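Single-structure report; data block below.
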Amino acid sequence: MPYEVQRDFRGYGRNPPDPQWPGGARLAVNFVINYEEGSEPSFALGDGVTETGLTEAHGINQLKSGRDLAAEGMFEYGSRVGFWRLHDLFRDRGLPLTVFGCALALEENPEACAAIRDAGWDICSHGWRWVKHFELSEAEEREHIARAVTSIEKTIGRKPEGWYCRYGPSVNTRRLVVEHGGFLYDSDYYGDELPFWLTVDGKPQLVVPYSITNNDGKYVGWMGTSDQWFSFIRDAFDMLYAEGAKAPKMMSVGLHMRLIGHPARAVGLQRLLDYMMQRKDVWITRRVDIARHWVATHPYPGKGLNE
1 MPYEVQRDFR GYGRNPPDPQ WPGGARLAVN FVINYEEGSE PSFALGDGVT
51 ETGLTEAHGI NQLKSGRDLA AEGMFEYGSR VGFWRLHDLF RDRGLPLTVF
101 GCALALEENP EACAAIRDAG WDICSHGWRW VKHFELSEAE EREHIARAVT
151 SIEKTIGRKP EGWYCRYGPS VNTRRLVVEH GGFLYDSDYY GDELPFWLTV
201 DGKPQLVVPY SITNNDGKYV GWMGTSDQWF SFIRDAFDML YAEGAKAPKM
251 MSVGLHMRLI GHPARAVGLQ RLLDYMMQRK DVWITRRVDI ARHWVATHPY
301 PGKGLNE
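Just so we're aligned, residue 1 is where the sequence shown starts under full-length UniProt numbering, counting upward by one.
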């Protein structure tokens with residue numbers, strides 16, 4: 001039967017597998033920079049709208065129509081300034097991370113692409129553009145996936161290892177990702193704390209779940225200060241770390257350059273990194289390394305959880 005998205009309310013249940021993280025770590029932590037600036041809907045790209053998502057303009061609705069130059073500048077801050085602040089926070093500590101990169105955005109900043117290469121960060125494709133894939137036709141989505149891979153191979157020097165849509169995939173996304181081939185995993189799922197296998201059109205597909213909860217997107221919601229963000233993510237880390245003594249887990253932390261790249265917010269990330277580094281038995285790693293470890297330690301069982 002052709003692959004169809006199925007809902008699963010059970011997952012691993014009461015007895016999840018032991019991830020057997022390297023060094024016997026209790027918790028694997030993956031930080032993600034979402035590199036989106038320059039690929040978002042805009043007048044410059046012919047969309048006839050200005051994107052305000054995850055900016056100070058979000059929800060303000062200052063402009064009823066027309067081009068919003070203020071919001072454009074907020075996006076540009078992310079790649080002009082925010083990227084470099086986050087880059088230095090991780091580089092100075094020798095910590096790895098993953099870039100969820102929109103291909104067109106990366107094309108706009110060769111210097112950032114060079115820094116990503118030099119740092120050894122892995123790339124998970126965040127689409128050709130920062131658009132909602134569930135609004136694309138199947139043919140359009142297939143084209144976006146192919147263009148993203150071709151573009152990232154040119155800008156970064158290697159193909160993306162994983163795939164992740166803006167917010168949510170379409171019902172076709174995972175099937176089209178598998179159809180295209182070359183991806184070790186996708187992260188278009190929020191319902192677990194460990195990777196798991198699916199079978200898609202007869203082929204194995206590894207899902208490495210992501211998190212909107214452990215995410216700086218909270219800054220455009222109910223959260224206002226770096227202290228609030230730090231304590232919120234720290235509490236998640238502390239609980240997972242404590243649980244990890246019996247059942248190790250994975251933790252994803254999502255970052256956006258135009259949000260947490262601002263100094264009043266970046267200081268919360270600074271505190272978080274230093275806090276995590278004080279704990280033993282924590283594996284702060286790239287997403288591709290989590291995926292590779294899972295493939296080696298928990299190989300495809302011959303059928304996925306959807307069978």
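Idealized CB from N, CA, C, for every residue including glycine. Bear in mind the structure is a predicted one, so any value in this text is a computation, not a measurement.
Measure the alpha-carbon distance for Glu135 versus Val5 and round it to whole angstroms.
The alpha-carbon separation between Glu135 and Val5 amounts to approximately 17 Å.
Check each candidate in Val200, Asp88, His180 and Phe100 and name the one with the smallest Cα separation from Tyr287.
A quick correction: the sequence has Arg, not Tyr, at residue 287. That would be Phe100, whose Cα lies nearest to the Cα of Arg287.
May I ask you to report which of helix, strand or coil DSSP gives Gln228?
The answer is helix: DSSP assigns Gln228 an H, G or I state.
Give me the Cα-Cα distance between Gly304 and Thr213, rounded to the nearest whole angstrom.
Low local confidence applies: a pLDDT of 48 at Gly304 is under 50, so the model's placement there is unreliable, with the coordinate-based value given in what follows. Roughly 26 Å separates the two Cα atoms.
By the three-class DSSP mapping on this structure, what secondary structure does Gly304 have?
With a pLDDT of only 48 at Gly304, under 50, the local geometry of the prediction cannot be trusted, and the value read off the model is given with reservation. Three-state DSSP puts Gly304 in coil, outside helix and strand.
Looking at the structure shown, is Ile290 part of a helix, part of a strand, or coil, going by DSSP?
Three-state result, Ile290: helix.
State yes or no: is the C-beta of Cys102 within less than 7 Å of the C-beta of Ser187?
Taking 7 Å as the Cβ cut-off, Cys102 and Ser187 do not qualify as a contacting pair.
So what's Asp122 in DSSP terms, helix, strand or just coil?
Strand.
Pick from Arg85, Glu51, Leu97 and Leu86: whose alpha carbon is nearest that of Phe75?
Selection Arg85, Glu51, Leu97 and Leu86 evaluated against Phe75 yields Glu51 as nearest (Cα-Cα).
Helix, strand or coil at residue 308 according to DSSP, with G and I counted as helix:
Given that the chain is displayed from residue 1 to residue 307, the structure contains no residue 308 and the question cannot be resolved.
When the Cα of Arg26 is compared with those of Ala71, Leu240, Pro2 and Gly46, which residue comes out closest?
Nearest of Ala71, Leu240, Pro2 and Gly46 to Arg26, Cα basis: Leu240.
Classify Gln270 as helix, strand or coil using the three-state DSSP reduction.
Helix, per DSSP.
With DSSP run on the structure shown, which of helix, strand or coil describes Ala44?
DSSP places Ala44 in coil when its eight states are reduced to three.
Leaving aside the five residues before and after Tyr3 along the sequence, list all residues of the same chain whose C-beta is less than 6 Å from its C-beta, in chain order.
So the list reads Arg175, Val200 and Asp201, once near-sequence residues are dropped.
Short Cβ contact (7 Å threshold) for Leu206 with Pro195:
The Cβ atoms of Leu206 and Pro195 sit closer than 7 Å to each other.
Would you grab the beta carbon distance between Phe31 and Leu198 for me? Rounded to a whole angstrom, and I think it's under 8 Å.
The distance from the Cβ of Phe31 to that of Leu198 is about 25 Å, inconsistent with a contact at the 8 Å cut-off.
If I measure Cβ to Cβ from Asn172 and keep anything under 7 Å in the same chain, skipping five residues before and after, which residues do I get?
Result list for Asn172: Glu138 and Glu141, in chain order.
At the level of alpha carbons, what is the spacing between Arg258 and Met1?
Going by the C-alpha atoms only, they are around 43 Å apart.
Alpha carbon to alpha carbon, what distance is there between Leu272 and Ile33?
Rounded to the nearest angstrom, the two C-alpha atoms are 15 Å apart.
In chain order, which continuous runs of the beta strand (DSSP E) of length 3 or greater are located wholly inside the segment 173 to 205?
Listed in chain order, the beta strand (DSSP E) elements of length 3 or more contained wholly in the segment 173 to 205 are 196 to 200.
Ile33 (DSSP reduced to helix, strand or coil):
DSSP places Ile33 in strand when its eight states are reduced to three.
Quick one: residues in its chain with C-beta nearer than 8 Å to the C-beta of Gly23, no 5 flanking neighbours on either side, listed in chain order?
Only Asp281 and Trp283 meet the Cβ criterion.
From Phe90 to Ile116, what does the alpha carbon distance come to, in whole angstroms?
Roughly 11 Å separates the two Cα atoms.
Three-state class that DSSP yields for Met239 in the structure shown:
DSSP places Met239 in helix when its eight states are reduced to three.
If Ser151 sits next to Trp130, beta carbons under 8 Å apart, how far is it from one beta carbon to the other, in whole angstroms?
Contact between Ser151 and Trp130 fails: their C-beta atoms lie close to 14 Å from each other, not under 8 Å.
My output table needs one value for Ala28: the three-state DSSP class, helix, strand or coil.
Here Ala28 sits in strand by DSSP.
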